[in-house]
Amino acid sequence: MKTSINKRHLAGLLGLSLLLPLPALADYPEKPITLIVPWAAGGGTDATARTIAAALEEQLGQTVNVVNRTGGSGVVGHTAMAMAKPDGYTLGLITGEINMMHWQGLTQLTYEDYTPIAQINYDYAGIQVAADGPFDSVQTLVDQIKAEPARTYTASGTGQGGVWHLAFAGFLLDQGLEADRVSWIPSQGAAPAMTEMAAGSIDIVPSSVPEGRSMIEAGKAKSLAIMAPERLDSFPDVPTLKEALGTDYTIGEWRGIAGPKGMDPAVVETLETAIEDAYNSDTYQNFMAKQGFGTEWRGAEDFGKLMAEQDKRFGKIVEQVGLAK
Numbered sequence: 001m002k003t004s005i006n007k008r009h010l011a012g013l014l015g016l017s018l019l020l021p022l023p024a025l026a027d028y029p030e031k032p033i034t035l036i037v038p039w040a041a042g043g044g045t046d047a048t049a050r051t052i053a054a055a056l057e058e059q060l061g062q063t064v065n066v067v068n069r070t071g072g073s074g075v076v077g078h079t080a081m082a083m084a085k086p087d088g089y090t091l092g093l094i095t096g097e098i099n100m101m102h103w104q105g106l107t108q109l110t111y112e113d114y115t116p117i118a119q120i121n122y123d124y125a126g127i128q129v130a131a132d133g134p135f136d137s138v139q140t141l142v143d144q145i146k147a148e149p150a151r152t153y154t155a156s157g158t159g160q161g162g163v164w165h166l167a168f169a170g171f172l173l174d175q176g177l178e179a180d181r182v183s184w185i186p187s188q189g190a191a192p193a194m195t196e197m198a199a200g201s202i203d204i205v206p207s208s209v210p211e212g213r214s215m216i217e218a219g220k221a222k223s224l225a226i227m228a229p230e231r232l233d234s235f236p237d238v239p240t241l242k243e244a245l246g247t248d249y250t251i252g253e254w255r256g257i258a259g260p261k262g263m264d265p266a267v268v269e270t271l272e273t274a275i276e277d278a279y280n281s282d283t284y285q286n287f288m289a290k291q292g293f294g295t296e297w298r299g300a301e302d303f304g305k306l307m308a309e310q311d312k313r314f315g316k317i318v319e320q321v322g323l324a325k
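For the sequence shown, the working numbering assigns the number 1 to the initial residue and increments by one for each residue that follows.
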């Protein structure tokens, strides 16, 4: 039996369909998200990542799985971020090393290979020395470095060409000294370098001040100055370089969240909003304050500008240090 629908009936059905809500497109995110960390578990970057991930889960209503992809001084993890599918389900806790590695020939990746979403942290470099050493101020340190032959003193806190190495080299240049005036001893990080310094094997550790907290509180080390525009709330007795030497030199390590190049702007906007709420949460702010880590927020557009500015800055330092390839 043939069924027929007259024109009036068909028009009525079409009109009704326009009044009914259309099936909604899948809302992002509809499945767990992976957050790649290019550094080992247990370090400052890892702790920051896991804390923001926990806060972000509350905002997005989805699990955020932190995965450590280490190796190559950050190259392996940053490569994994850049090579991921740009669908918003694989992100990374990108770090300032992306502004340094390509200048040294370690990778061809640059900040332009990523979609910036948000900056959530900035830790300024400090200048730590042994508590029983000969330096009672950063001015004394600079005077001694100038007075003694080149490479009389040693410094450590990261690998060759790492952020604390370049930060300190830039500081020496700022003070009218050669970038390599102080010998750099490569290390696996600030913690082992602080131990070596306390033992008398190294003279200076120019890491973030929070990384030296345990040795400072134990009375084995002291921080002479912070390369920041203001004193840190967690270390109010440590002067800025501006206060101590009259210089405007500031530098440090930033961390943020980014994805592969080519992400959907709508997804980026969703993530930016959720990350800002996670950043402002008690979960994140209380943890960072307790650890003494710096909190600094930039949204997607401003974060992209920061990466571009820092890339040029570190490129110049790498060249002056003699590590450019």
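Even glycine gets a Cβ: it sits at the ideal position worked out from N, Cα and C.
In the three-state scheme derived from DSSP, where H, G and I count as helix and E and B as strand, Y279 is classed as helix. For R313, the enclosing alpha helix (DSSP H) begins and ends at 300-321. For P29, the closest C-alpha among the options L60, A41, I52, E196 is that of L60. For D248 and L306, the gap between their C-alpha atoms comes out near 18 Å. Listed in chain order, the beta strand (DSSP E) runs fully inside the region 80-120 are 90-95, counting runs of at least 3 residues. Counting only runs that start and end inside the region 241-282, the beta strand (DSSP E) elements of at least 3 residues fall at 252-260. Three or more pairs of CB atoms, one per stretch, sit closer than 8 Å, so the region 27-47 contacts the region 77-89. Rounded to whole angstroms, the gap between the alpha carbons of F303 and R213 is 28 Å. A contact is defined here as three or more CB-CB pairs under 8 Å, and the region 106-115 meets this definition with respect to the region 257-272. Straight through space, the alpha carbons of K325 and G189 are spaced by roughly 24 Å. With a beta-carbon spacing of about 13 Å, T283 and A49 fall beyond the 8 Å limit used to define contacts. In this structure, the CA atom of G71 is about 34 Å from the CA atom of R231. Counting only the Cα atoms, T154 lies some 22 Å from M100. For the pair Q160 and P186, the CB atoms are nearer than the 8 Å cut-off. Counting along the chain, S223 sits inside the beta strand (DSSP E) bounded by residues 221-226.
Boundaries cannot be given for T152, as no beta strand (DSSP E) includes it and DSSP labels it neither H nor E. DSSP, reduced to helix, strand and coil, places G71 outside both helices and strands of the structure shown, so it counts as coil.
Counting along the chain, Q59 sits inside no beta strand (DSSP E); it lies in the alpha helix (DSSP H) bounded by residues 44-60. It is roughly 13 Å from the alpha-carbon of A169 to the alpha-carbon of V142.
Classified as exposed, D233 has fewer than 16 neighbouring CB atoms from the shown chains inside 10 Å of its CB. If the five residues before and after S207 are omitted, its C-beta is found closer than 6 Å to the C-beta atoms of G157, W164, A190, all from its own chain and listed in chain order. In the displayed model, I216 falls within a helix according to three-state DSSP. For the options Q62, W103, G133, the alpha carbon positioned closest to that of G322 is the one of W103.
In this structure, G299 lies away from E319, with their beta-carbon atoms at least 8 Å apart.
Taking a contact as a CB-CB distance under 8 Å, the pair A167 and M227 counts as one, their CB atoms being some 6 Å apart. For T195, no beta strand (DSSP E) segment is defined; the enclosing uninterrupted segment is the alpha helix (DSSP H) at 190-198. Annotation: A130 to G92 spans about 36 Å, alpha carbon to alpha carbon. Taking the Cα positions, L35 is about 43 Å away from I145. Shown here for D46: same chain residues with a beta carbon closer than 7 Å to its own, the five before and five after excluded, namely V37, W39, A40, N68 in chain order. Following the DSSP letters along the chain, one finds L35 inside the beta strand (DSSP E) bounded by residues 33-37.
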